Each structure stands twice: as structure tokens, then as C-alpha cells.
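Asks:
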Amino acid sequence: MSKRIIDQDAEPLIFDLSDNTRQSSSLAPKTGSEQNNPLASHLQRKSTLDLPQVGELQVLRHYTRLSQKNFSIDTHFYPLGSCTMKYNPRVCNTLAQLPGFSTRHPMAHSSISQGIMSCLFDLQTILKEATGMQQVSLTPMAGAQGEFAGVAMIRAYHDHNQAPLRSEIIVPDAAHGTNPATAVMCGYTVKEIPTNDQGDIDIQALEKMIGPQTAGIMLTNPSTLGVFERDIKHIAKLIHQAGGLLYYDGANLNAILGKVKPGDMGFDVIHMNLHKTFSTPHGGGGPGSGPIGVSERLQPFIPIPIVAHNEQGYYWLNEDDLPLSIGRLSAWMGNVGILLRAYIYALLLGRDGMERVADYATLNANYLFKRLVAADFEMAFPKRRASHEFILTLRKEAKNYGTSAMDFAKRLLDYGYHAPTTYFPLLVPECFLIEPTETESMADLDAFIETLIKIKAEAKESPNLLKEAPFELPVRRLDDVKAARELDLNFYHQE
Amino acid sequence: MPYIPHTSNDLAQMLRTIGVDSIEDLFDEIPKDLRSKLQNIPLGQSEMAVQQQLFAKSLQDGTPLCFAGGGAYEHYIPAALWEIATRGEFYSAYTPYQAEASQGTLQVIYEYQSMIASLTAMDVSNASLYDGASGLAEAVLMAVRANRKAKSKRILIPESVSPVYRQVVETIVKNQGITLELLPYDQRTGTIQVNQLDKQLNKPDDAFAALIIPQPNYFGSLEEVHQLTDWAHRHKALVIAQVNPISLALLEAPGNWGEHGADIAVGEAQALGIPLSSGGPYIGFLACKQKLVRQLPGRLVGRTVDLEGKTGFTLTLQAREQHIRRSKATSNICTNQGLMATAVTLYLAFLGRDGLQKVATTCALNTQTLMHLLEQNSDLSFPFGDRVFHEFIVQLPVPIDKVLSYLAQEDIVGGIDVSPHKHSTEQKNWLLICVTETKTEQELHFFADTLRSICQQINNEESS
Amino acid sequence: MSNIPPELKYTASHEWIRTEEDGSLTVGITEHAQGLLGDMVFVELPDIGDEFEAEQDCAVVESVKAASDIYCPIEGEIIAVNEDLEDSPELINVNSYHEGWLFRIQPLKAEHVDNLMSADDYAELVESEAH
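Residue numbers (our numbering), protein chains in the order written: chain A, 925 to 1419; chain B, 17 to 480; chain C, 19 to 149.
1) State yes or no: is the beta carbon of F60(C) nearer than 8 Å to at least one beta carbon in chain E?
2) Have a look at A225(B), Q458(B), L316(B) and L213(B) and flag the residue whose alpha-carbon is nearest the alpha-carbon of W247(B).
3) Does the stretch 1353-1371 of chain A come close enough to the stretch 58-74 of chain C to have 3 or more Cβ pairs within less than 8 Å?
4) In chain A, what lies closer than 9 Å to S150(B) by C-beta?
5) Run through the DSSP bridge pairs and tell me what R122(C) is partnered with.
6) Nearest by alpha-carbon distance to V487(B): which of P174(B), A149(B), E175(B) and T207(B) is it?
7) Measure from the C-beta of M925(A) to each C-beta in chain B and report whether the shortest distance is under 8 Å.
8) Which residues of the stretch 1273-1300 of chain A have a Cβ closer than 9 Å to any Cβ of chain B? Give them in chain order.
9) By a C-beta neighbour count over all protein chains shown, 10 Å radius and 16 as the cutoff for buried, is M64(B) buried or exposed?
10) In this structure, how does DSSP classify P174(B) when only helix, strand and coil are distinguished?
11) Please list the partners that V82(C) has in chain A, where partner means a Cβ-to-Cβ separation under 7 Å.
12) Mapping the DSSP letters down to three states, classify F83(B) as helix, strand or coil.
13) Determine the extent of the alpha helix (DSSP H) in which W98(B) is found, giving its start and end residues.
14) Hey, could you find the ends of the alpha helix (DSSP H) F1001(A) is sitting in?
15) Please list, in chain order, the chain A residues whose beta carbon lies closer than 7 Å to that of V57(C).
16) Can you give the Cα-Cα distance for V241(B) and E268(B), rounded to whole angstroms?
17) Taking only the alpha-carbon atoms, compute the straight-line gap between A1175(A) and L134(C) and give it to the nearest angstrom.
18) Quick check on G120(B): buried or exposed, where buried means 16 or more other Cβ atoms within 10 Å of its Cβ?
19) Mind reading off the beta-carbon distance from K27(C) to V99(C)? Whole number of angstroms is fine, and I expect it under 8 Å.
20) Might you give, ordered along the chain, the residues of its own chain that have their beta carbon closer than 6 Å to the beta carbon of E980(A), omitting 5 neighbours on each side?
21) Which runs of the beta strand (DSSP E) fall wholly inside the stretch 1171-1239 of chain A and span at least 3 residues, in chain order?
22) With a CB to CB cut of under 6 Å and the five nearest residues on each side skipped, what residues in its chain are close to T48(C)?
23) Name the two residues that bound the continuous beta strand (DSSP E) containing K1115(A).
24) Would the stretch 62-70 of chain C and the stretch 78-98 of chain C be scored as touching if the rule is three or more Cβ pairs under 8 Å?
25) Within 10 angstroms of its Cβ, does A1285(A) collect 16 or more other Cβ (buried), or is it exposed?
26) What does D998(A) reach in chain B if we use C-beta pairs closer than 8 Å?
27) Using the Cα positions of P936(A) and Y1347(A), report the straight-line distance between them to the nearest angstrom.
28) Compile a chain-ordered list of the residues in the stretch 1073-1095 of chain A whose CB is closer than 7 Å to at least one CB of chain B.
29) Here's the rule: buried if 16 or more other CB atoms are within 10 angstroms of the residue's CB, otherwise exposed. What is F71(B)?
30) Where does K48(B) land, buried or exposed, given buried means 16+ other C-beta within 10 angstroms?
31) Is E935(A) close to chain B, meaning its C-beta is less than 8 Å from at least one C-beta of that chain?
32) Which runs of the alpha helix (DSSP H) spanning at least 4 residues fall entirely within the stretch 1342-1414 of chain A, listed in chain order?
33) Can you tell which of L990(A), A952(A), C1043(A) and P1215(A) has its C-alpha closest to the C-alpha of G1237(A)?
34) What's the gap between the Cα of E1385(A) and the Cα of Y1081(A)?
35) Straight-line CA distance for H461(B) to P1227(A)?
36) I'd like to know if R310(B) contacts chain C, where contact means its C-beta is closer than 8 Å to some C-beta of that chain.
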């Protein structure tokens, strides 16, 4: 193996390229300079302003080089469970950046905003239809904010019905960490419900946990264990009978698009991660977008604003129209530019294309699953059908060769594969959560399988190749302890 | 098929390997009676057809001349900026959890943190938050956590903070027992008067966790930040500075307010290279003094070394975050605005200190030019005076909603209606206008003239 | 098997408690617990004079991979904290029973100490959690 995966040369910091005496380029206006600061003198900046002074070409080269030190979907396969790293169609970006969209101020008069408002209204309609919910609000700026909106609505609903006793939210032990964190932000106590050995919720434990104190339950389906929760109807019945509500974490919506709708499963409120199911960019960690959908009983509490339509055209619904709304989550209307990308993606796919998302994501996952079983990898739930993702456990390899799942993950990087999700869910020891997505070809999957087999052979013969990996990247394993003990977060502030 | 590369041979072979007859068989664990098909969504279309529709929609409303601000600002964006930011390696990369495969994103964020800390004169910045409004909410939560000694969950928030920001803060913190206490602004200046503040406290030692100070405030006016900061510190409360990053090229940075400086600086960084795009995606910045670093929510990137001693970057202090600490996390946030932080870093690198100062000064000078032009019209007045950066309130003789509607017909976004309907007995028609470096002399004249004639037109209509 | 000194008392949440001559109690985390958490990077301690109830969280120890609450073993008032941990959290890894102590508390009711776990009981707990 001698292939260089990404650029390995060290790149200095932009600050190291700076010369304070360099003047700004044509990128700044010709008028005005600090010498004619017209503002009240006692409020003027007296402290030095340290910003790099670098030539335009040198800036451009610096960041181009930095980009080349990244893995990305455009350059590498990312079998990253739960994160849905599929192709982000370029056309979505190109069209969302059209000047008519990108230069529009959020407070532009609605009479000159009909184009973008019609796109948002159509997206609301598409998402309602895809999820089987009664109303959709596009405003949450990420999945976690959608979650917050959802649980805040559950609370607003109970408060409105004067049910102050309801103080508990039930969350499965395998849930995303955001679920319990969100419940606490909304003032709830979290009750963890165990999972049985088949990956389903332990119904007996659930029955014991439910009571007049139950505000609701937060579920992902297919669950974070990569299997469909088969008892969902029964769970919904139990919760609803107790007066609680069901929250759907839409992290895995892509697995069931066009197959089954959260609304039909009995969910009262859901969030969608548009950067997963609707393929908007991950951007190296954001921006996300987390629209929420609600059943009829939660409709009065939906976050504002939302787009409405009548004979005169499109208009905003705000606090005057929805007095019981939980309120505003962003200054304006959430991440409109991201919503637009999701809308364009939805138009390209259509209902036929959306069904194929679930079809081929599930096909790819089950193909990987079967071939890895054949190659003697151990599955966490071998008797279950994989959804769009599945969990593999490397505990045997850990025991026999002393190589952890993390060591496998780091060695995969050397071969040009981003590591699968490692050590999540926490329930399964030494686990990989693998999600290939529908946009990878069979040939790519085959190559990935061969690589895993090869690494397993390395684990047996020369485990240090794993334990010390990666070797082929810009840096070797980093000293996390030093990073946390001797915090260095700011070039200009060195202790 | 869009974005699915499988051939029919691939499909057949894969189904055979799995041991099923059709893809449909893979969904056999979903109860049959729950299954349904999508109905009211159109069929898929070609890229060309979609492009034609979107071109039409984007052209439908033109590209109006914009004089609105209020937290979203039009600034020139260097052509190279989004060329670089939307390179696939930035655009389609995942969150940098695998540090070795994400050194590009991580180093960019480290540079971002350093630049934000420098602009605000704070010790540390996080890797960014969703937007300025939700960032202010996180700053409030952070202040309550950090100021446990005061044992107060009371936050003083001036009415001169943007009303939408105040709404967002309320939505996010209201379920955590935090009280937001509104401070009225002075009717002559539109700012908070320090000598009125003591009246806000029921007794001299009345505890509160933090005071929020907007600079410039929502009306564009400049607050007496030094006095306000010292007042809050005298009462053992923290100071949250909510600031416009462009203005910090000219205005004193929060870290140097008063005797000891603000404790937390927060704001909207959209002005630094991010298009208006109807309100998002934007980016909130959040920075603080070193002593508060463990209360800082969201991601942080630190510089460290690898096992060969080579410099590298990694996410750090992750133990505080939701994916590890779950219900005890500092926040439920699990993302930053990575791509937006990349754009902000590029903007500040391209402009540099000198460039940012020129942008800020040009904004301020253009604003003064427009105020002089408007002043010549005796029907208009500036209720809060002219001590502003790049935004101001003008009082008009006619209703603002009508003015904005008429201006829209002239292809102008004329500003924001901030008339104090709810609290005022007399009708005040207040328009919030913003002028940045993007406006030419001719455009300023054109706007002043159009505004004057529209006011006359409305006056004539109403008197006839 | 990790070191579990027989003369100390323990809690199920892995704190150890030593009764000092003046009747105050010194509290830390067990060697077993520090091993689970890994390299310590930060310790957040209570203030002297703070009062806590039994089982109330009163401190946080943070390693690279986890932040863990420390629960007050007994009702009382904090009378001393280990200030060395501020700059050297790794003392907990070096010796959790000596240099790595966390805080000292004056119990409201000294006899409550008897309700805490013995070294044998704690050893049994650690053993059972391993399976």
C-alpha cells in the first residue's frame, strides 16, 4: 500500500503568512480607513485588532491546500452509520446560489418575495406528504433544534391541558445523545427504557414505566440499532392510553421514505434531518436543517413562522396567527438556503425517486451485511433484517488480537475509507454502525468489503498496523489528553 | 435513476447474495397494515427541467435595492470566497470526529476561533452556533451556569435588543426557570441609561446573573458600554455583549469594555461573507473569558501534537457534549455551522485588518451621507439622534407598512417597520434603515428622493 | 483486581471515604473508577462552605472520554478541597487514594458513616459489574 490518500504536507497557519505592513487588496472598498473613524471617540476601538494581512492568491492557496487535507463524500466513501453520507447533488448548490435567492433580505416585502415563498410552501407540502403529518414548520436550524421544538411542543400541549404532573420523557437506552439532552432542556426528567436481545424495546419494562407522570416517548424507527421496531403500534397505543405523546427522531427517515409514514405509526411530532434524508451538505459539521411535522393535536403549538397561501399569494403566519405557538427558534425563517437545496433535491427525485432512496439504501445495507457475515464478521443482531444500516461487533477481534474497533476505524482511513460510526450505540461492545447509502455502487461496496477482510487479516498477523494506524494521513493519532489539559484554542492567546 | 448507480445485473446479483427475490422482501419486518405509498408528490424530473423552474422562481422578484438590516446585512462578498468554501472537500465533508481525516476542517475552525477571539478581544471562541439569536440564548444559559454563586436565574435584557432575538431567547430558555427582565430604553436616545438601572433593582443587593448589552443596539444607536459593564460587575453579575462583528473594526471590543471587560461576547457573523439568503443559513459566534471555557457550549478545536510530535488539530473538551454527557450536557447542540465558519474565516483572511476597517468606515460614512440627505426633508426626523454605526431610525409622517409596500413596487427593500405600536398612545411611524459599503452615492440620492416622493404621495392619498 | 484499601468506606458510585482524626471525612474516587474514566483532564470542585445532602452531585471529574459527576457520600459542609487538582488533574490517575483526594467534608451526622459500604462489599460490587 503506497497510495497517498490526501495531502500530507504541513500547512502553516494563515497567521504565519501574515505581514502587518501589507495593505488590503481590491477586495476592500477604496474609500474609508481607520484614520477617519467617524464614531464617538470614547467608544472607538483602542485595543489592537489582530487579523492576518495576506495577499489574495496566498489566501486562496492556503485554503485550497487545507481542503485537500479532508476526507469528503466527493472524494471518499463514508459508511458512517446514522449520518447518511450520500451524494449531495451539485445542482442543488448551484441553483440555491442564484442571485435572486441569495441576495434576498429576510425582511423584504412579501410582495417581492413570492418566488422563494412558493418554494418553501411547496417544500412544506412535500414533507407533510412524505411523513403523513398534518402540518410542517421549516424553521428549526438543525436536527437537535427540531428535537427541541418537538419536546417543547409536547410540554406546551400538556401545560395547555393543565397536566403539570407529566414530568417524564421515556428514551431508549440506545438513543442518540441529543434525545436525553433535549428532554432536560425542556425541563423533563429522563427515564431510560432497555432494549431486548432482538433490538426491540422491552415492552414489559415499558409497561411498568408508563404512568400519569409520562409526558411522552422519543423513538427512532428504524432504531439506532439498524432494525425496524416491530411493536411500534403497540407502543403507540400504550403511550397514548396513558395520555402521553410520541416523538419521532427522523434521523433514519431515509430508510422508510415511501414505505411507511411516521404519522401512520402513531407519532404526534417528528423532526427530519434534511442533511440526511434530503441530501443537503454536511459542510464539515453544519449547517443542518431540522423541520418538524405535527399531528393535528399539536398544530396550535407549532414554531413560527410558517408559509401560508391564499388567492392573493403567499404570506407568513406568525405569533398573531398562532398565539399558542412555542415561539421563534431563529431570527428569521431557519436555514432557507438549505431548505431550498432540499426542495430542489425533492423535485429531482419526485415520489418515484424517494421510494428508490429507501429501496437502494436498504439493498446496499443488506448486501454488505450478508457478505460480511460470509467473511466471518459478527453482527449484533444476526437474525434481524438490516434496515438502511446495521451493527457489526469486533469484540472477537478485540479479544483475540487486542485490536479495538477504534483501531479498525483508524486503519480504514489508511485505505481511503472514512471510518464507520464507532462505539455508537453504546450498548454494543466494540461496534461499527455501517450505513452505505443508496448512492454507492456495488463495485464500491465490494472494494470496501475486501478492505475490511484485509484489515482483519492484518489484525491477526501484525496487529500493530491497526494499533498505530493511521500512517498515510496528514497526522498520526493525536494527543487528546494534551489537547484537553493544555488547552490551545486561540493562536493569539497562548498561556 | 437519479443518484443510484446500480445496473440491473448488479441488482440481480445483490438480491441473490442476500437471498431474496425482490427489494420489496427487504421490508418484510414492517407490519403490512402500516405500509403506504407516496401520493401527492410530483414525479421526478430531469436536472434541466428543474433548473428551468428554479431560474424562473429566482427571477420572479428581481434583485431589489436593499436598505434593510436589523440583524441581516448586505456586504460585498469576494468572488473567490464561495468558490473555495463550496469545494467538495469542504462542502461534502462530515463533522471532524475522525481528526486524522479532517485536518483541513479542523485547522480552518482553529483559525476561525482565533479570528473571532481577536475581533471580540476574548480569550476563546467556540466553533460557532446556528445563528446570532440562538447564540444569545446559549449565552444566557451559559451565564446562568457560570454564575451559580449569584444563585440567580434572572437576566436583564434591554428592550433595545432585537425583538426577534428576545423572542428566540424566550423560546429556548423559558422551560428552565430563567427570568428575562426587560429594561426600558431612554426615549430620547434609544439606549439604556446607566443612572436608571439602579431603579430596576428592588433593593441595592438584588441579585441577577447577567446583563445583556447590545452594541450597536437594534435601533442602530451606540450604548454606553463602558459604564454599563462596570455597573453590572459592581453587582457581581456577568456581562453578555451582543455585537456586530463588522462594527468591531471601529468600536471597542467587548473584552475591553469598562474596567474588566465583558465576560461573554455573542452575535451574528452573517455580515462576514455570508449571503442574505432570506435569513439563513447564518452563523452565531460565541466567545468568552478563559475562566468560563468549560461552560462554553458547542464544539471547540484545539491544537495539539500527534504521536510523532507533529502539530495537529482535534476536537477537544468533548466530554461536555451531548453525545457523551447525554442528559447532563451543556447543551443539546450537536453541530456548529461548519460551512459558514469556513466562509467567515475566508472573509476575514481575504479582507484582513485593513480591509475590514475600510468596509466598516465606508458603512459609517455612507450612513452619515444618507442621514444628511434625509435631513433636508423637514417632514422627517431622527428620534434617537445620529450617534449610530450603520443603522438608524427615521420617523416618517405616514404609516410605515404603506411606505414599504410602495417602495417594494419601486424595487426597493426600504427597511424595517419598528413603529412602537404596542406601547405608545401616539402614532409613531418609525423606519429602521441600514446603509452598508455596497451603496453608491447615486443609490443614496435615488433612495432619499424616492422615499420623499412616496411620503408625499401617501400624504396626498390620505388627505384626498 | 484494583487496589481497595480495607480501612476506607465506599459508595456504589465509586467514591471512597476516609474518617480523619477530627471527625471530618476525606472523599475521592476509587482506583477502579479512575481506571474506567482514563486520563483526567479537569476537575470541578465545590467551594469551601458549600453544603450538600447525601447523594447530591457536588463535583465533576472529566477525562478525555467522559465527564462524571461525583456524589456527596453524606450530608455535610465542605471544609477543604484539593487545590492541586486544578493544575494537575492527573494526580487522580497517579494515586487516587492519596494525592488524588477531592474534598473534605464535615458530616452533619457522623454516625451516618456507618451506613456506607465496607471494602469487602465494594469489592463484590466491582466484581459483579465486571460481568
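Even for Gly, the Cβ is constructed at its ideal location relative to N, Cα and C.
Keep in mind that this is a model prediction, so the values were computed, not measured.
Replies: Looking at the atomic coordinates:
1) The structure shown contains no chain E; its protein chains are A, B and C.
2) Looking at the Cα atoms, L213(B) is the closest of the given residues.
3) Using a C-beta cut-off of 8 Å, the stretch 1353-1371 of chain A makes no contact with the stretch 58-74 of chain C, since fewer than three inter-stretch Cβ pairs fall below that distance.
4) Under the 9 Å cutoff, chain A gives M1065, Q1069, L1253, S1254 and A1255.
5) According to DSSP, R122(C) bridges with T44(C) and A98(C).
6) Residue 487(B) cannot be examined here, being either before or after the span of chain B that is shown, 17 to 480.
7) Only weak support exists for where M925(A) lies, its pLDDT of 38 falling under 50; the value from the coordinates is given anyway. Chain B contact via Cβ: absent.
8) Those would be L1273, G1274, R1275, D1276, G1277, M1278, E1279, R1280, V1281, A1282, D1283, Y1284, T1286, L1287, N1288, A1289, N1290, Y1291, F1293, K1294, R1295 and A1298, in chain order.
9) M64(B) comes out exposed.
10) P174(B): strand per DSSP, three-state reduction.
11) Chain-order list of chain A residues neighbouring V82(C): D1404, V1405 and A1408, by C-beta distance under 7 Å.
12) Residue state, collapsed to three classes: coil.
13) Where W98(B) is concerned, the enclosing alpha helix (DSSP H) starts and stops at A95 to A101.
14) Following the DSSP letters along the chain, one finds F1001(A) in no alpha helix (DSSP H), marked with neither H nor E.
15) It is Asp, not Val, that sits at residue 57(C) in the sequence shown. Neighbours of D57(C) on chain A, chain order: V1405.
16) Across the structure, V241(B) and E268(B) are spaced so that their CA atoms are roughly 9 Å apart.
17) About 44 Å.
18) In the assembly as shown, G120(B) is a buried residue. Its beta-carbon has 16 or more other beta-carbons within 10 Å.
19) Taking a contact as a CB-CB distance under 8 Å, the pair K27(C) and V99(C) does not count as one, their CB atoms being some 20 Å apart.
20) Cβ neighbours of E980(A) beyond the five flanking positions: S949.
21) Listed in chain order, the complete beta strand (DSSP E) runs (minimum 3 residues) inside the stretch 1171-1239 of chain A are 1193-1196, 1216-1218 and 1230-1234.
22) Excluding sequence neighbours, T48(C) sits near H32 and W34.
23) In the DSSP assignment, K1115(A) falls within the beta strand (DSSP E) that extends over T1113 to I1117.
24) With the rule of 3 Cβ pairs closer than 8 Å, the stretch 62-70 of chain C counts as touching the stretch 78-98 of chain C.
25) Burial is judged here by how many other beta carbons sit within 10 angstroms of a residue's own beta carbon; A1285(A) has at least 16 and is buried.
26) Listed along chain B are G104, E105, Y107 and S108, each with a C-beta nearer than 8 Å to that of D998(A).
27) P936(A) and Y1347(A): Cα-Cα distance of roughly 33 Å.
28) Those residues of the stretch 1073-1095 of chain A that come within reach of chain B (Cβ to Cβ, closer than 7 Å) are A1076 and R1079.
29) Using a 10 angstroms sphere on the CB of F71(B), the tally of other CB atoms stays under 16, which defines it as exposed.
30) When all chains shown are included, K48(B) counts as exposed.
31) Residue contact with chain B for E935(A): present (Cβ-Cβ distance below 8 Å to some residue of chain B).
32) The stretch 1342-1414 of chain A contains these whole alpha helix (DSSP H) runs: 1366-1385, 1388-1391 and 1404-1409.
33) Considering only alpha carbons, the answer is C1043(A).
34) Whole-angstrom Cα-Cα distance: 60 Å.
35) Roughly 41 Å between the two C-alpha positions.
36) Interface residue (Cβ-Cβ distance to chain C less than 8 Å): R310(B) is classified as such.
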